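Shown next, in structure tokens, is the structure this report addresses.
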Amino acid sequence: MGQKTNPIGFRLVVNKDWRSKWYAEKKEFGELLVEDYKIRKALKDKLKEAAVPRIQIERATSRCRITIHSARPGVVIGRKGAEIDKIKEELSKMTGKEVYV
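Quick note on numbering: the sequence shown equals residues 87 to 187 in this note's numbering.
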């Protein structure tokens with residue numbers, strides 16, 4: 087019997103990347119993990135029509151950079167960038183940090 091490997095962890099080095107890129111101390115880790123979950127859930131609910139398969143989150147001390155991969159970027163951006171500005175405001179209020187989308 088062979089050893090079973092986690093397919094995501096096994097392929098990360100070859101052709102995939104982590105969905106979240108940040109480091110936290112033990113005290114902060116749980117809070118940031120829950121915050122990531124809330125961000126992903128809020129974006130998936132808000133952007134149902136945009137066909138969003140993947141959301142990447144990168145964090146620094148007081149900033150959060152979110153990359154949204156979408157099949158329909160026009161739905162995400164909106165007219166003259168109005169929709170993306172709303173998303174930035176909502177996420178900034180949710181996290182209390184400066185958010186770049």
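C-beta: ideal position from N, C-alpha, C; glycine also. Bear in mind the structure is a predicted one, so any value in this text is a computation, not a measurement.
Rounded to whole angstroms, how far is the Cβ of residue 170 from the Cβ of residue 132, which I believe are closer than 8 Å?
Counting from one through the sequence shown, the residue named residue 170 turns up at place 84. Counting from one through the sequence shown, the residue named residue 132 turns up at place 46. Residue 170 to residue 132, Cβ: 11 Å. No contact.
Please report the Cβ distance between residue 180 and residue 146, rounded to the nearest whole angstrom; I am assuming they are in contact, meaning their Cβ atoms lie under 8 Å.
Here residue 180 corresponds to residue number 94 of the sequence shown, with the count starting at 1. Here residue 146 corresponds to residue number 60 of the sequence shown, with the count starting at 1. About 17 Å separates the two Cβ atoms, so there is no contact after all.
Specify the secondary structure class of residue 153 as computed by DSSP and reduced to three states.
Position 67 of the sequence shown holds residue 153. Residue 153: strand per DSSP, three-state reduction.
With 16 other Cβ atoms within 10 Å as the buried cut-off, status of residue 175:
Here residue 175 is taken as the residue at index 89 of the sequence shown, counted from 1. Residue 175 should be labelled exposed.
For residue 142, the residue or residues it bridges with in DSSP
Indexing the sequence shown from 1 puts residue 142 at position 56. Per DSSP, 153.
Tell me, which residues are paired with residue 186 by DSSP?
Start at 1 with the first residue of the sequence shown, and residue 186 comes out as number 100. Partner(s): 151.
Following the continuous alpha helix (DSSP H) through residue 169, name the residue where it begins and the one where it ends.
Reading the sequence shown from its first residue, position 83 is the one you call residue 169. Residues 168 to 181.
Say whether the segment 136 to 152 touches the segment 103 to 114, bearing in mind that this needs 3 or more beta-carbon pairs closer than 8 Å, one atom from each stretch.
yes
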